[in-house]
Each structure stands twice: as structure tokens, then as C-alpha cells.
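Asker: If you count by the UniProt record's numbering, then the sequence shown holds residues 1 to 504, one letter each, in order. A virtual CB, placed ideally from N, CA and C, is assigned to each residue, including glycine.
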Amino acid sequence: YGMRPQQIAAYEDERETVWSAYNYSGSVSRIFFGLVCAVAIAAFLLSCFDPDLPEYSRILRTPFEIVGGVICGGVFFGTGLTNLVAVTNRGDLYDALMRANFLPLVAGIMIKLWNLMWWSIPFAIVYWAVLCVRDVIHIGMKRYFHERTLCGWFWQWMRNLCRKVYNFVGNINLQERSDRTIFRIVGVNFIILSVLCSLWFFGIGALILYSIILFIVMRKYYRDLSDKYQILLRATNQIAEGNLEVAIEEDLSVFEPFKKEIQKIQSGFKVAVGEEVKSQKLKTDLISNMSHDLKTPLTAIITYVSLLRDDKTTPEQRKAYIDILEQKSMRLKALIEDLFEISKANSNNVTLNLEDVDIVSLLKEVSLELSDKIEESTIDFRWNLPDEKIVLPLDSQKTYRIFDNLLTNIIKYAMPHTRAYIDMKKEGGYVVTTLKNVSAAELTFNPDEITERFVRGDQARNTEGSGLGMAIAKSFVELQNGRLQIEVEADLFRVIIRWPISQD
């Protein structure tokens with residue numbers, strides 16, 4: 001209507017062109033998606049034939065959600081490519097380049113490169129996406145979900161978090177007073193704050209009232225806590241002043257563990273005081289016994305010197321007195337030497353000349369040296385020694401002194417006409433030497449005290465001895481990384497020496 005025939009013909013030509021372009025764009029889209037599917041199938045088949053091909057690249061382990069997002073973006077990108085095909089085929093892109101003064105040959109090459117570049121992008125994306133997703137077949141759906149998806153990662157993080165929270169809550173010991181109290185306070189406070197938050201505007205006044213009440217309760221609790229702390233402080237001050245019998249009867253609430261620790265300290269102090277009293281007693285006995293043992297030969301020397309000065313003393317008597325003086329002086333000398341020896345041993349001021357020593361042969365040598373005294377003692381010595389050598393790094397002189405003191409101790413204090421047993425064997429990485437005998441006197445002493453200085457089994461001190469033999473033996477054994485143990489059972493006296501077979 002109102003149009004000339006030429007205008008109507010032009011309109012019809014334009015309409016056909018538009019509809020033709022529309023139908024052309026739809027055909028291009030179908031061809032595009034067909035090619036995309038073909039590339040996807042090809043990539044999938046390639047990954048099936050060579051599943052280890054892309055394992056070296058971390059980009060092929062991209063999470064599934066990111067891959068899906070890129071694919072969705074590629075769909076929109078693909079619709080734009082159909083328009084690129086349309087403008088290329090209609091010549092619009094060529095006309096635009098020509099208007100920009102490009103040469104026809106250059107314009108044609110640029111259009112082809114432009115199309116090639118943009119069309120390679122969607123196919124590369126499809127190929128990459130298929131290689132990313134294809135691991136579902138190789139590692140399984142469950143593992144793929146946990147390792148290659150953001151949801152799987154978030155699920156594992158949430159599960160680990162829940163496990164940590166569960167373990168934390170599970171480790172709360174509501175039997176302990178502190179945990180139980182804190183749990184109750186937090187729970188009650190949560191309930192109260194939840195109720196106050198639901199009151200809207202009126203919750204402000206309720207919150208003020210709640211704060212006042214909380215202040216009063218906390219002040220009361222603080223004062224109670226301060227009172228219990230003062231009880232604990234007074235008890236520690238009394239203990240520091242020497243009152244070890246102080247008792248805490250009150251319940252100290254959160255300070256209850258300190259109450260138990262104070263009781264342990266009291267017990268420890270009592271043991272320490274007992275040990276100190278025992279030590280003082282041993283020192284007193286040491287002075288008394290040392291004075292007695294030193295005074296006895298010294299008194300005899302003074303007495304016989306006075307007798308020698310008497311003009312009425314006959315030559316025979318003088319000779320006998322001189323022999324006694326020599327005997328007593330040697331006794332006093334041996335006593336002083338033993339005293340110096342044990343003093344050096346206790347102060348670790350002894351030089352050890354360590355060498356390989358066959359202790360079996362050494363013990364036999366000591367027994368041979370004491371053979372005369374053993375025969376005179378009427379004690380039947382039973383030896384149970386190994387046939388092979390037992391070589392240990394020891395000081396031969398100190399070890400000889402150990403065996404000499406122990407065997408001499410048996411000769412002096414064992415009951416006559418009884419048997420004494422000397423055994424040596426390897427046992428659990430140690431060389432164990434055991435000496436057993438029946439005591440002539442009743443064994444009423446403490447086995448731990450017999451190795452102290454100037455302590456003798458013969459408390460009447462009728463037998464000859466310094467009271468230092470066992471102390472010296474124990475000191476020398478311990479200096480050589482050994483252990484000397486004394487056991488008493490009725491009248492049976494037993495000494496056990498242990499030396500480790502391998503020593504540094």
C-alpha cells in the first residue's frame with residue numbers, strides 16, 4: 001500500500017535474504033555442534049587407547065566444576081562463531097577490510113587466519129574437557145568425586161572439620177571439675193543469650209539485668225576462689241616453716257590438684273627428713289666405731305711401750321712385747337690405709353687402670369693366697385666356677401681387693417664347720433658372682449647398712465676387722481660399673497656382684 005512496484009520487489013528480495021541468512025545460521029550451528037561431538041568422541045577414544053598419555057599435565061586434573069563452567073562458556077562462544085561464518089560468507093568481513101584499505105590478497109589471508117584461530121578454540125576446549133573427564137573410567141566415580149571435584153574437596157574438608165570437632169567434644173572430660181564447670185557455664189550462657197535475642201527491643205533491658213546478675217555471681221565465685229587460694233597459701237607457708245603435719249581438710253575446688261601435689265611434697269619431705277636422720281645416726285655411729293677401732297690398737301701400743309720401759313721386764317717378755325707392738329702397729333697402719341682407701345673411693349678420686357682381666361682366674365688366685373686361712377677356718381668352701389675364661393675390662397688390683405675382702409669376710413664371720421658357696425655364671429648380659437655362707441652370729445643388722453664405713457656384722461666387735469671391708473668392696477664394684485647387693489635370710493648371708501659383659 002502506497003509503494004511503487006520497484007519498492008515492493010526490493011522488499012521481497014531483502015526479506016528472502018534475511019530468512020535465507022537465518023536458515024543458514026541454523027545449518028551452521030548444527031554442523032558446528034556435530035563437529036564438536038566428533039572431536040569429543042575422538043578425544044575419548046584416544047584416551048581409551050592410551051590412558052597414560054595425559055598423566056604428566058596438571059591442567060588435565062582440573063576440577064569438574066571448572067570444566068563444566070568452561071564448556072558452558074564455550075556454548076555461548078559457539079553461537080558467536082555461527083555469526084562469524086555468516087558475515088564471512090556474505091562478504092561483510094571482506095568488505096570491511098577492503099574499506100580499511102587492505103589489499104584483496106591480504107584481506108583473504110587475514111579472514112582465513114581469523115576463522116582458523118577462533119574455530120580452533122572451541123575444539124581445543126572440547127578436547128581438553130574430554131581428557132579431564134575421562135578419568136572417571138580409570139579411577140572410578142567415587143575417587144573422581146573426592147579428588148577431581150570442588151564438591152568432593154569441600155566434602156572432605158567438612159568431614160575432617162566435623163571429625164576434629166567430634167574428637168574435641170569427645171575428649172571433654174565432664175568428670176573433671178574444671179571441664180564440667182566450663183561446659184555448664186557456656187551452656188547456660190548460650191540459652192540465656194538465645195532467649196534475650198528473641199525479645200527484640202525488650203532484650204536490651206533484660207540484657208542489662210542479666211549483666212548485673214552475672215556480675216554478682218562472678219564476684220561471689222571470685223571471692224570463694226580467693227578464699228580457697230588463701231587456704232592453699234597458708235598450708236604452703238606452714239610447710240616452708242617446717243610443719244610437715246599440716247592437713248588441708250577443705251574442698252579446694254579448682255585447686256584440688258594442688259592439694260594432692262602438696263600432700264606428695266609433704267610425703268617427700270618426710271622421707272627426706274627420715275633419710276637425713278638416718279644419715280646423722282650413721283655419722284654418729286661412724287665416729288663412735290672409728291674411735292673404738294682406732295683406739296684399741298693405739299691403747300695396746302701405749303700399754304706395751306710402758307711395759308717395755310719397766311726395768312723388771314725380762315728379755316723374753318721384751319721380745320714378746322715387741323712382737324705384739326709390731327702386730328698392733330701393722331693393724332693400725334692397715335686400718336688407716338683402709339680409711340684413706342674408702343675416702344678416695346667415695347670421693348671418686350680413684351684412678352682405675354682398666355685392662356682385660358679373666359675374673360675366673362683372678363678369683364682362683366685369691367683363693368690360693370687365702371688357702372691357709374681357709375683351711376684353718378674349718379669352713380668347707382664349695383666352688384662353682386665356669387671352665388672357660390670370662391674376660392672383662394677391670395682394674396685387676398681393685399678387683400683382687402674386692403674378692404679378698406669378701407672371702408676374708410666369710411673366713412671371719414661364717415660359722416665353723418659349715419659350707420660356703422662361691423658361684424660365678426653369665427646371666428642376661430651380666431657376669432654374676434654369688435658368695436653365700438651361714439653366719440656364726442645372729443644377723444640382726446640392716447643389709448643396706450652393712451656396707452657403710454666402720455659397720456660390722458659382729459656388733460660386739462670381738463673379731464678382728466676394721467668394718468671397712470664391705471664398704472671398700474662395694475665402692476670398688478660401683479667404680480667399675482658393677483653392682484654389689486647384699487641379701488640376708490635368717491642366718492644365711494649372701495653377696496651378689498653383677499658386672500655387665502660389654503662395658504665402654
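1) Based on the DSSP secondary-structure assignment, which residues constitute the bridge partners of THR433?
2) Do THR408 and VAL357 count as a contact pair if the criterion is CB distance below 8 Å?
3) For ASP387, list the residues DSSP reports as bridge partners.
4) Between ARG223 and VAL217, what straight-line distance do the alpha-carbon atoms span, to the nearest angstrom?
5) Under the three-state reduction of DSSP, which class applies to ALA414: helix, strand or coil?
6) What's the gap between the Cα of GLY469 and the Cα of GLN238?
7) For ARG382, list the residues DSSP reports as bridge partners.
8) Buried or exposed for ASP395, going by 16 or more other Cβ atoms inside 10 Å?
9) Under 8 Å, with one C-beta from each stretch per pair, do the region 357-375 and the region 322-337 reach the 3-pair mark?
10) Pull up the distance between the alpha-carbon of VAL432 and that of MET424, whole angstroms please.
11) Considering only their Cβ atoms, is the gap separating ALA300 from ILE324 smaller than 8 Å?
12) State the Cα-Cα distance for the pair PRO104 and TRP128, rounded to the nearest angstrom.
13) What residues in its chain sit with their C-beta under 7 Å from that of VAL438, if we drop five residues either side in the sequence?
14) Give the DSSP-derived three-state secondary structure of ASP491 in the structure shown.
15) What are the start and end residues of the beta strand (DSSP E) that includes ASP310?
16) Check whether the Cβ atoms of ALA320 and ILE379 lie closer than 8 Å to each other.
17) Return the CA-CA distance between VAL488 and LYS264, expressed in angstroms with no decimal places.
18) Flag this pair as yes or no: are the beta carbons of MET117 and LEU97 separated by less than 8 Å?
19) State the Cα-Cα distance for the pair LYS208 and LEU214, rounded to the nearest angstrom.
20) Which first and last residues belong to the beta strand (DSSP E) in which ASP358 is found?
21) Run through DSSP, which three-state label would GLN263 get?
22) If you drop the 5 nearest sequence neighbours on each side, which residues of the same chain put their C-beta closer than 7 Å to that of residue 570?
23) Exposed or buried, which one is TRP499 when buried takes at least 16 other CB atoms within 10 Å?
24) In chain order, which continuous runs of the alpha helix (DSSP H) of length 4 or greater are located wholly inside the region 177-246?
Answerer: Put simply:
1) MET424, ILE497
2) no
3) ASP387 is not bridged to any residue.
4) 10 Å
5) strand
6) 45 Å
7) TYR421
8) buried
9) no
10) 6 Å
11) yes
12) 36 Å
13) ALA414, MET415, THR418, ASP491, LEU492
14) coil
15) Segment: none, ASP310 is in no beta strand (DSSP E) and carries neither H nor E.
16) no
17) 32 Å
18) no
19) As written in the sequence, residue 208 is Ile, which differs from the Lys given in the question. Taking the straight line from one Cα to the other gives about 10 Å.
20) 354-358
21) helix
22) An answer regarding residue 570 cannot be provided, because it is not within the stretch 1 to 504 covered by the chain.
23) buried
24) 177-197, 202-240
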